[in-house]
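*Asks:* Mind having a look at this structure? Questions to follow.
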Amino acid sequence: MKPETFLPDDYRPAEDEPFMNDRQLEYFRRKLIAWKNDILAESRDTIEALQEATRNIPDVTDRASEETDRALELRTRDRQRKLVSKIDSALRRIDEGEYGYCEVTGEPISLKRLDARPIATMSLEAQERHERREKVHRDD
C-alpha cells in the first residue's frame, strides 16, 4: 500500500505537469470516493424515506401518484447503483495504473474531460466515434 499523497485543498490537475502523476491520481481517487459516498448516502436516505412513507392511502388518485413517485425514485436509485459500479471500476483502474487512458486508443483522456466525468473510459474523440456508430446501427 502506497503512502497517502499530500494534496492541497485547492489542487486542480494541470496540463503542464506529468500526466497521471501521484497528485493527479490522488485528486481523482478522492473525487471518485466523495462522489460514491454522496450517492450511497442519498440511497440510504431514499430507503429510509420509502420505508417511512409506506402507508395505506385510501384515495386512488393519491395512491397512484405516490406509487409513480416511488417508481421514479427507485429507477433513479437503480441508475445510481450502476454509476457506483462505474466509480468502482474507475477506482480499480487507478489502482492498476490504467486510469486516464482511453480504452480504445490508449491515448490520454483530457484532464478537462476527466474532471467533468471522472468515470470516462474513452477520449472525447473515441466516445464521439462510438456514439456515431451506435446511432447508425440503432437506425438500421
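Here the sequence shown stands for residues 125 to 264, numbered as in my numbering. Note that beta-carbon positions come from the ideal geometry of N, C-alpha and C, so glycine has one too.
1) Ignore the nearest five residues each way along the sequence and tell me which others in residue 228's own chain have a CB closer than 7 Å to its CB.
2) State the CB to CB distance for the pair residue 244 and residue 156, rounded to an integer number of angstroms; the pair is presumed to be in contact (CB under 8 Å).
3) Pull up the DSSP beta-bridge partners for residue 225, would you.
4) Determine the contact status of residue 132 and residue 148, defining contact as a CB-CB distance below 8 Å.
5) Reducing DSSP to helix, strand and coil, say where residue 139 ends up.
6) Out of 194, 145 and 254, which has the shortest C-alpha to C-alpha gap to residue 172?
*Replies:* A quick look at the data gives this:
1) 246 and 250
2) 11 Å between Cβ atoms; not a contact.
3) 232
4) no
5) coil
6) 194
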